[in-house]
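Position one of the sequence shown corresponds to residue 232 (my numbering), numbered consecutively onward. Every residue gets a Cβ at the ideal spot worked out from N, C-alpha and C, and that includes glycine. None of these values were measured; they are calculated from a predicted model. Accompanying notes for the structure given below.
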Amino acid sequence: MQIEHLENDKNFIHQEVYCRKILSRFNVVNSNSVNKLIEMDAIATDDSAFLSADVPYRDAVGSLMFRAIASRPDIAYALGVLPQVLDKPQQIHWTMVKRIPMYLNGTKKRGIMYLGVTSATLE
Numbered sequence: 232m233q234i235e236h237l238e239n240d241k242n243f244i245h246q247e248v249y250c251r252k253i254l255s256r257f258n259v260v261n262s263n264s265v266n267k268l269i270e271m272d273a274i275a276t277d278d279s280a281f282l283s284a285d286v287p288y289r290d291a292v293g294s295l296m297f298r299a300i301a302s303r304p305d306i307a308y309a310l311g312v313l314p315q316v317l318d319k320p321q322q323i324h325w326t327m328v329k330r331i332p333m334y335l336n337g338t339k340k341r342g343i344m345y346l347g348v349t350s351a352t353l354e
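As structure tokens, then:
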């Protein structure tokens with residue numbers, strides 16, 4: 232996690248370096264970014280095949296959850312939904328997991344900005 236201290240007592244928390252590692256790990260460094268993570272009703276079962284045990288679905292979801300908790304609430308919904316199928320993910324779910332790094336590819340520099348406090352008066 233990176234914390235940048237900016238002027239006017241602002242602090243910017245982000246994980247750009249960690250994001251680049253995730254992009255490299257999932258081999259999407261040079262991929263096109265996407266604007267939308269998942270459709271609201273996309274988490275459903277369908278007729279696609281169940282994933283084989285060698286697909287790193289759990290590992291991918293866990294890695295991305297850390298990012299959502301620490302500094303990226305914009306991906307929290309998708310990562311709150313995808314673990315619901317950890318026991319038997321299907322191909323459609325793996326496709327959704329792979330979209331998240333593609334989304335992060337276009338939004339690497341996003342994070343949380345904490346504004347400085349000008350007064351510490353307690354009322």
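Just list the residues that DSSP pairs residue i with in beta bridges.
| i | result |
| --- | --- |
| residue 244 | 234, 343 |
| residue 281 | 321 |
At the level of alpha carbons, what is the spacing between residue i and residue j?
| i | j | result |
| --- | --- | --- |
| residue 304 | residue 239 | 24 Å |
| residue 242 | residue 346 | 7 Å |
| residue 255 | residue 289 | 18 Å |
| residue 337 | residue 324 | 21 Å |
| residue 259 | residue 278 | 26 Å |
| residue 286 | residue 352 | 54 Å |
| residue 318 | residue 281 | 10 Å |
| residue 263 | residue 339 | 13 Å |
| residue 232 | residue 302 | 8 Å |
| residue 234 | residue 310 | 23 Å |
| residue 320 | residue 306 | 19 Å |
Please determine, among the options, the residue with the shortest C-alpha to C-alpha distance to residue i.
| i | options | result |
| --- | --- | --- |
| residue 331 | 234, 268, 259, 249 | 268 |
| residue 327 | 252, 341, 295 | 295 |
| residue 284 | 235, 244, 322, 336 | 322 |
| residue 257 | 244, 319, 292, 266 | 292 |
| residue 298 | 250, 320, 263 | 250 |
| residue 246 | 263, 300, 265 | 300 |
| residue 329 | 302, 348, 340, 253 | 253 |
For residue i, count the other beta carbons within 10 Å of its own beta carbon; 16 or more makes it buried, fewer makes it exposed. Which is it?
| i | result |
| --- | --- |
| residue 313 | buried |
| residue 342 | buried |
| residue 334 | buried |
| residue 236 | exposed |
| residue 315 | exposed |
Indicate whether at least one CB of chain B lies closer than 8 Å to the CB of residue i.
| i | result |
| --- | --- |
| residue 306 | Reference to chain B is not applicable here, since this structure consists of a single protein chain. |
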